[in-house]
Structures are given as C-alpha cells and as structure tokens.
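Worksheet: the structure to be examined is printed underneath.
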Amino acid sequence: MPVLEGLWSPDLRLRDSGLGVGVDVGVCPDEAPSSSVWDPLRTPPVTCGGLSLALELPALIRQLRAAWRARRGGPRGPERSQTTAWVEAEKEEVEEVQEQVTEDRSTHLEADGRLNTGHAGVLLAERRGSYPLIDLHILKISAQQGEVESGTRRKVKRLLSFQRYCHASRLLRGLVPHTPESLHLLDDDYLGQAAHMLSKVGTWNFDIFLFDRLTNGNSLVTLMCHLFNVYGLIHHFELDMVKLHRFLGMVQEDYHSQNPYHNAVHAADVTQAMYCYLKEPRLAEHLSPLDVFLGLMAAAAHDVDHPGVNQPFLIKTRHHLASLYQNTSVLESHHWRSTVGMLRESGLLSHLPADISQDIEQQLGSLILATDISRQNEFLSTFREHLDNQDLDLQLPSHRHFILQIALKCADVCNPCRVWELSRQWSERVCEEFYRQGELERKFDLEISPLCNQQTDSVPAIQIGFISYIVEPLFEEWHRFTEPSLLSQTVTGHLHKNKARWSRLRYAHTPSDMQTNPDAEEPEPEGGGGEGDDIP
1 MPVLEGLWSP
11 DLRLRDSGLG
21 VGVDVGVCPD
31 EAPSSSVWDP
41 LRTPPVTCGG
51 LSLALELPAL
61 IRQLRAAWRA
71 RRGGPRGPER
81 SQTTAWVEAE
91 KEEVEEVQEQ
101 VTEDRSTHLE
111 ADGRLNTGHA
121 GVLLAERRGS
131 YPLIDLHILK
141 ISAQQGEVES
151 GTRRKVKRLL
161 SFQRYCHASR
171 LLRGLVPHTP
181 ESLHLLDDDY
191 LGQAAHMLSK
201 VGTWNFDIFL
211 FDRLTNGNSL
221 VTLMCHLFNV
231 YGLIHHFELD
241 MVKLHRFLGM
251 VQEDYHSQNP
261 YHNAVHAADV
271 TQAMYCYLKE
281 PRLAEHLSPL
291 DVFLGLMAAA
301 AHDVDHPGVN
311 QPFLIKTRHH
321 LASLYQNTSV
331 LESHHWRSTV
341 GMLRESGLLS
351 HLPADISQDI
361 EQQLGSLILA
371 TDISRQNEFL
381 STFREHLDNQ
391 DLDLQLPSHR
401 HFILQIALKC
411 ADVCNPCRVW
421 ELSRQWSERV
431 CEEFYRQGEL
441 ERKFDLEISP
451 LCNQQTDSVP
461 AIQIGFISYI
471 VEPLFEEWHR
481 FTEPSLLSQT
491 VTGHLHKNKA
501 RWSRLRYAHT
511 PSDMQTNPDA
521 EEPEPEGGGG
531 EGDDIP
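Residue numbering for the sequence shown follows full-length UniProt numbering, beginning at 1 and increasing consecutively.
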C-alpha cells in the first residue's frame, strides 16, 4: 500500500528505475516504461528452459547452476555405494569451488582492491552476489563405526548453517547433544557465551564483533532467528523455519566479507540497533507485528550485496547497476531488488496471499530506499516539521512507517553513538573502505572521490564531518521524538563524547597517545553516557 500517499508532497515519493525485479534479456533499461515505485512488483511471464527470469541475475545463475548440476550428475545407479557417491559429490563440489574462485579472481573486484586490467573500461565487473568466495575449513569427522583414519580430512563448506542453527536452538532450549558422532563447528562453551550475549541483545553496549566471533561468522542469521522468536513472528506469520533459515542464510552470504565495512557484521549491528529503537516506549506500544517484521527485515538486508564502492563510483565507471536504476538510489535499489529476489527464491512468503506479499515487498523497498544518504535532508526536514507541528499520530500506519524509516536511518549511521571501543572500530573500517575506493580511482586515473584520499582525508577529519553534518542533526530530532528516553540520552551522550575525542585526535601532536588514553583531560558531556549502557 502507498504508505506515504497523502502525507508528503509528490516530490518526496520514492523514485523507481522503471524496471521490475528482473530485466528481460535484450531490453535496454533506458527504454523501459516509467512507473511509480508503488506499482505492484509483477513477475514477468518470461521463462528460459523452464527457469523463471523474474529474479535478478544472481538468482537466475543459481537456478542455472542447479539445473546444470542435476543434468551433469544424472541418475545414480543402485550399484554405487553411499560412500562412493558422497566422495564423488564432494569432488564435484571442490572442483566447482575451484572454478568459481578462478573466475572470481579474473572478473571481480578483489579483496585487496585490485581490478583485472582487462576490465579497465568498465572498472567494476558485475558481481554475482549470490556466489561470494567460499571459505573452506578442514574438519575431522567421526564415523559411526569408529574413528576415521587420522590423516583423512575432508573439505567442508564454511556455512553448515542449518545444522549449526539447529544445534544452537537445542542449546537455547537446554537440549545440548553430547553424542561423539555429532559434527559441530562451535563447541558448547562458545555457543553458551553466544546464548548469554543474546540475553542482553537489547543493551546499547552490545559487542557485535565479539558476537560474530562466538557464532563463527553467523551473527546475522543467529540474531535474526533470535529476534523473530522474541517477537513471536514465526508463529504470527506462520513462517516455515527451513525457508526462513534459507532466506537468512542467502542474505548473510550475499554480504561480502572482503568489504571492511559493508559486510554482514554491519548488517547485524544495524539490526541490533533497530531492535533497541523498536523498544523505545513511545514507539513500542503502537507497533504491529507487521511493523516489527518489516523493521527487522529491512535492517538485515539494507546493504545486501554491497560492492564496497559508492554510487558516484558506479556512475562514473558506467556500471550496469547505474544504468539499470538510472543513476538514482542505485545501491539502495539494488539492495531492495536483491532482497525481493531472495524472498521469492526462498519462498518465505509464498504461503501468504499475493497482495499481502507484494505489499510487504513494497514497504521493504520504501524502508531500504530511505537509507540513501543523498535524501537525508528530505527526510530530516519532514521529520522536523512533524515534531514542530506535533501532528505525528502513531495510530496511523503511514505515520508508523515513516518513523520506521527514520529509525532505520538512525540505526544505519549509529556507529558514532556507540561506546568508544566499538565506535572507533567502525570508523576505521568505513574509512578503510573509502581509501580502497580512492586507490582504485587513482589506479585508473579517475578523479578521487571526496573522503577517499588517504593522503589528505584523515579518519578523525572524516568522522568529525560525518557527525556534524549527518549524525547530530538526525539524532537531535530523534531525541525530541523519544521525549527523551533513557536510551536516547545515552546515545546522545556517547555521540558528543566521541566527537570530542575525534577532535582531540585530529589536532593532537601524538595521535597514538590519544588512542591509548582518549579520556585524558576530557570533560564529561551533558547527557551522561556511562551508566546507561546496560539499559534494556
């Protein structure tokens, strides 16, 4: 439903690229008919060999690869033993991974920021978001009749996520298996610590880096499953647990771990912050299960398949995504369409009526598109106007949706509002990603984008500007909206304190000394920020 209709001026409505979730082969984006973003996402009636072309390219690639594997494997004869079949399947898998790694190295942006010279004209090759590089672990596996020979090792995919989630679920219910045949990538001590952290997931000083280590890189899937259980969303929407976990696993995998900042840990951090905002007293009592579902889903998927470079880079290198979305909210549109593709591929909402599932997809798009930083003033002025006029009515779905947009924007840029130890890590990560883009631009004789020149743009200078022009104005209005709450006071206190620290680091003669003792001779800002870290 057009949740913003009638509330703001027409120029505030979200703009669409004119394309559906997928693009038919041979259709130029510039020739696509223009339509409002609120038009239903219709599945194109185009198929190829029985495969739907309704999804974006990554999903279609997955279907083609699955069909190719099925055709290549053929029927298994009864004479083949289970062990032989397992070994051959494993060999095929390893060969597939090796082929994929070879292809990725030649056509994709690599972890160290280098591009293959054969793509200098395009600069950023198309990324298969559904097939990031697969990490392999070497594990020893127990056999039913005894130990396998000590020298025998098998390569297993990093994400045995469904088994790990089932084990974690049994742990949370107090049903920890102790059979020697069980294969787990995490021992009980680590799972126990992760479960203990989840009991404090609503506190503002939640350490998402530690949680990600305790869950072996599965912080996003583990956190989302926990929050869905907390809110009873699985029961309310009658979600299939297998489909839910498949969808969350796809989302987590489509974040690129080689990105210093825009990765699955960032998505989990934004989701945890969103959960804290959803608990704000002024907002929590008005939220429906659908509002909570949309807020958590949008937070988890808001940066999915992020390439590690910004929109201006995609535009000036004539990347296909820039053409597809007509240079408008390019990354945010891609995040949304990718999310819709994964929703449909996983079948998570397939049991719901078509109009409801389409409405959910549209509202997810509205939330994700709101994270476009270029539209900051647009949302901020509207938010300020509502607060000045005191006309926000959270009984209205459209007003609740707008507050969800603001909450997601706050969660997306809340790093400077965290405790210093966490905030500094995020600041260094995002600047590292900026600097990598700057190195790419320098390598190909492009104009270096603002904030991306490591020789002239220091981390403290970038953070002070970001806080002053983006974070502070937004959180000042959020502070007014919450009237203010204890959490809001804590967040504001951390924000002022961290800005003061960055200012001292910027002008200090010995930055290393300041990082070692950032509290030296620094007055405590108004609003506190120390004793309220553990507030629920």
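Even for Gly, the Cβ is constructed at its ideal location relative to N, Cα and C.
Asked, Found
"Environment of residue 319 [buried if 16+ CB atoms lie within 10 Å]", "buried"
"Chain C within 8 Å of residue 490, Cβ atoms only", "The structure shown contains no chain C, having only a single protein chain."
"Same chain, Cβ closer than 7 Å to residue 272, neighbours up to 5 away in sequence not counted", "201, 206, 208, 223"
"Contiguous beta strand (DSSP E) assignments of at least 3 residues, all confined to the stretch 371 to 431", "none"
"Cβ-based neighbour list, residue 503, same chain, cut-off 7 Å, excluding 5 preceding and 5 following", "464"
"Classification of residue 391 by the beta-carbon crowding that lies within 10 angstroms, buried from 16 upward", "exposed"
"Which listed residue (507, 305, 196) has its alpha carbon closest to that of residue 250", "305"
"Expected contact under 8 Å - CB spacing of residue 314 and residue 321 to nearest Å", "6 Å"
"Proximity test, residue 194 beta-carbon vs the ligand ZN heavy atom, cut-off 7 Å", "Although the ligand ZN was asked about, the structure shown includes no ligands whatsoever."
"Beta strand (DSSP E) runs wholly inside the stretch 281 to 333, at least 3 long, in chain order", "none"
"Whether residue 286 touches residue 335 by CB criterion (8 Å)", "no"
"Separation of residue 255 from residue 436, as counted between CA atoms", "17 Å"
"Beta-carbon spacing of residue 231, residue 292 below 8 Å", "yes"
"Reference residue 253; option with closest CA among 233, 300, 278, 490", "300"
"Assigned secondary structure, residue 261 (DSSP; H/G/I helix, E/B strand, else coil)", "coil"
"Residue 351 burial status per 10 Å Cβ neighbour count (16 or more: buried)", "exposed"
"Sub-8 Å separation of residue 367 and residue 410 beta-carbons", "no"
"Residue 460 classed as buried or exposed, judged by whether at least 16 other C-beta atoms fall within 10 angstroms", "buried"
"C-beta atoms of residue 247 and residue 346 nearer than 8 Å", "yes"
"Residue 362, buried or exposed, once every other Cβ within 10 Å from all chains shown has been counted against 16", "buried"
"Which listed residue (282, 277, 238, 236) has its alpha carbon closest to that of residue 394", "282"
"Cβ neighbour criterion (16 or more within 10 Å) applied to residue 288", "exposed"
"Rounded separation between residue 430 and residue 262 - CA only", "8 Å"
"Residues near residue 214 in its chain [Cβ-Cβ closer than 6 Å; skip 5 each side]", "190, 193, 194"
"Alpha helix (DSSP H) runs wholly inside the stretch 190 to 271, at least 4 long, in chain order", "208 to 214, 219 to 231, 233 to 236, 241 to 254"
"Backbone secondary structure at residue 464 - three-state DSSP", "helix"
"Collapsed DSSP secondary structure at residue 279 in the structure displayed", "coil"
"Whether residue 379 touches residue 403 by CB criterion (8 Å)", "no"
"Backbone secondary structure at residue 445 - three-state DSSP", "coil"
"Exposure of residue 275, with buried meaning 16 or more beta-carbon neighbours within 10 Å", "buried"
"Check whether residue 467 and residue 495 have beta carbons under 8 Å apart", "yes"
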